[in-house]
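Student: Take 54 as the starting number for the sequence shown in our numbering and just add one per residue.
The beta carbon of each residue, even a glycine, is placed where N, CA and C say it ideally should be.
After the structure tokens below, expect a handful of questions from me.
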Amino acid sequence: MHQTINKKLIPLEKQPAIMNKRDFIRKLSLATLASPLYASVLTSCLEEVANVPANDLASNDDFWQKVRSDYKLKPDYINLESGYYNIIPTPTLNSMVEHAKMVNYEGSYYMRTVQWDNKKRMAQKLAKVLGCTSKNVIITRNTTESLDMVIKGYPWKEGDEAVFANQDYGAMKVMFEQVSRRYGVVTKTVSVPNHPKSDEEIVELYANAITPNTRLLMVCHMINITGHILPIKKICQMAHNKGVQVMVDGAHCVGHFEYNIEELECDYYGSSLHKWLAVPLGTGMLYVKDEHIDTLWPIFAEHDREPGDISRLNHTGTHPVHHDLSIESAIDYYNMLGSARKEARLRYLQEYWSSKVRNHPNIVVNTPVESHRSCGIANVGIKSMKPADLAKSLMDDYKIFTVAIDYANVQGCRISPNVFTTIAELDVFVNALKEMAA
Ligand SMILES: Cc1ncc(COP(=O)(O)O)c(C=O)c1O
């Protein structure tokens, strides 16, 4: 049986029978906000490591084994595919179940009273993780919804141009094709090298695709197929000097490594919280700079709002509100583990396996070697094997689950371990690669 650390939900029957409505709503709101972060194995061992620098703790497998015990993992295979969806730790999962029970208990009353206030509070909590103010953040369902709202909702005129990369995510590229057909927008693509010589090489690449007609540039903070982290701030500064807005695809970045959205200087930023922040499925975020809040067309029309009120972009219809509430639980878990510790461990794991195969004559690592250009995700191929065959053989012969990537200058499997991945699992993976490459 798990214990709640924080305040428990107040069952309705325990509330005074006669209560004025305002009081009742306030109490309900507080009750639903008390994130019941369930007891974690971590709570008992964090004190011991409180003074250990994150980079030193990164290689301490004993500590990370304890983190692993906060997860229920399928024993059938080694999961090196956390990039699509992060399995959530048991304390967050338990919180989500409690939130679902509470919403089901309150029913329409919850939906008609505090659901929107609570969602706003989740955005406030998230804004602290993102390093921005909550007036610029909305909770969406995922990166696709966030970024497609910007691409589709930008006030395009015929002949306007947009720039993005071959390595960008398919759903966004397809949305650019749609606005191209619909509004006569011209799209230009660049191809990001897997091993750039410098930040300037990448900035130059995007700069060369910009013309006087360019309005919007899309760029990945971390390219999902390789794990390559791009120099976003420099790209934004270059684009702004040319009068171009920048929309950042940060699907893989929130909860993965530390940064501050405002310092990136971008105009829009979208992410999926069910990836590295480990919030239950169907949670995302969109950041919009003040000056663009009133110019975007929302996906779903909202009633009139005051100028600058970002909620005009956040009409969703009825949706699983208990997942929104779980954002708080996931952030509590993330903060408890520590963002610096998590980033350091994820980078350590990636560098642990990739450094063992980078110089192999038949193995190609498609991710930059410099630490600041990657974190937990990397991509690896074997020269004589198609990526699909590599992924199949890893699963069939070695019980290692990955995903094959075969486009945009990237041939290999994406490898995305998680905080629960052990060094022993990565050793199995490295041996598998070497055997296949021999
Ligand atoms: C770079 C990138 N952008 C966008 C997405 C879309 O994310 P979602 O399906 O959560 O909307 C993904 C998904 O993997 C991605 O990797």
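Return helix, strand or coil for Q231, following the three-state DSSP convention.
Tutor: Helix at Q231.
Student: By the three-class DSSP mapping on this structure, what secondary structure does T57 have?
Tutor: Interpretation of T57 is limited by its pLDDT of 35, a score under 50 that renders its predicted location unreliable; no figure is taken from the coordinates.
Student: Go ahead and pull the three-state DSSP assignment for T85.
Tutor: Low local confidence applies: a pLDDT of 45 at T85 is under 50, so the model's placement there is unreliable, and no value is given.
Student: Please return the same chain residues whose Cβ sits closer than 7 Å to the Cβ of S112, not counting the five positions on each side in sequence.
Tutor: Y401.
Student: I'd like to know whether the C-beta of E318 is nearer than 8 Å to at least one C-beta of chain C.
Tutor: The displayed structure is made up of one protein chain only, and chain C is not part of it.
Student: Which first and last residues belong to the alpha helix (DSSP H) in which E404 is found?
Tutor: Note, E404: alpha helix (DSSP H), S392 to V410.
Student: I'd like to confirm the pairing. Which residues does DSSP put opposite K342 in its beta bridges?
Tutor: Bridge partners of K342: none, in fact.
Student: Compute the distance between the beta-carbons of P333 and I140, then report whether it is under 8 Å.
Tutor: Not a contact, by the Cβ cut-off of 8 Å.
Student: From which residue to which residue does the alpha helix (DSSP H) around T242 run?
Tutor: No alpha helix (DSSP H) holds T242; the beta strand (DSSP E) holding it covers V239 to V243.
Student: Output the residues surrounding ligand 1, defined as those with a CB atom closer than 5 Å to any ligand heavy atom, in chain order.
Tutor: So the residues near ligand 1 by this Cβ test are N195, T196, T197, Y222, N277, D302, A304 and S325.
Student: What number of angstroms, rounded off, separates the C-alpha of H281 from the C-alpha of G434?
Tutor: Taking the straight line from one Cα to the other gives about 15 Å.
Student: Sort V481, L110, K439 and S199 by Cα distance to V417 and report the nearest one.
Tutor: Here the closest residue by C-alpha is K439.
Student: If we require 4 or more residues per run, which alpha helix (DSSP H) segments fall completely within the region 245 to 296?
Tutor: List check, alpha helix (DSSP H) in window: 252 to 262 and 285 to 294.
Student: Straight-line CA distance for S295 to V203?
Tutor: First, the residue type needs correcting, since residue 295 is Lys and not Ser in the sequence shown. In a straight line, the C-alpha of K295 is about 20 Å away from that of V203.
Student: If we ignore side chains and look at the alpha-carbon of each, how far apart do H376 and R194 end up?
Tutor: Going from the Cα of H376 to the Cα of R194 covers about 10 Å.
Student: Looking only at DSSP bridge pairs, what is C10 linked to?
Tutor: Residue 10 lies beyond the stretch modelled for the chain, which goes from 54 to 491, so this question has no answer here.
Student: Would you report the Cα separation of E510 and P470, rounded to the nearest angstrom?
Tutor: Past the edges of the chain, shown from 54 to 491, lies residue 510, and the structure says nothing about it.
Student: Would you give the residue range spanned by the beta strand (DSSP E) that F217 belongs to?
Tutor: From DSSP, the beta strand (DSSP E) with F217 extends over E214 to A218.
Student: By how many angstroms is the C-alpha of P421 removed from the C-alpha of S251?
Tutor: Going by the C-alpha atoms only, they are around 11 Å apart.
Student: Y138 to G308, Cα distance in whole Å?
Tutor: Going from the Cα of Y138 to the Cα of G308 covers about 13 Å.
Student: Between which two residues does the beta strand (DSSP E) holding I191 run?
Tutor: Where I191 is concerned, the enclosing beta strand (DSSP E) stretches over V190 to T193.
Student: What are the residues that DSSP puts in a beta bridge with V301?
Tutor: Answer by DSSP bridge pairing, in chain order: V272 and Y322.
Student: List the DSSP bridge partners of V498.
Tutor: Nothing about residue 498 can be read from this structure; the chain reaches only from 54 to 491.
Student: Just verifying my parser: in three-state terms, what is the DSSP assignment at G337?
Tutor: Here G337 sits in strand by DSSP.
Student: Pull up the CB-CB distance for R467 and T455, whole angstroms please, since I reckon it's below 8 Å.
Tutor: Rounded, the Cβ-Cβ distance is 7 Å, consistent with contact.
Student: Can you tell me whether DSSP reads N157 as helix, strand or coil?
Tutor: The answer is helix: DSSP assigns N157 an H, G or I state.
Student: Identify the residues that DSSP records as bridge partners of E134: which are they?
Tutor: DSSP lists S469 as partners of E134.
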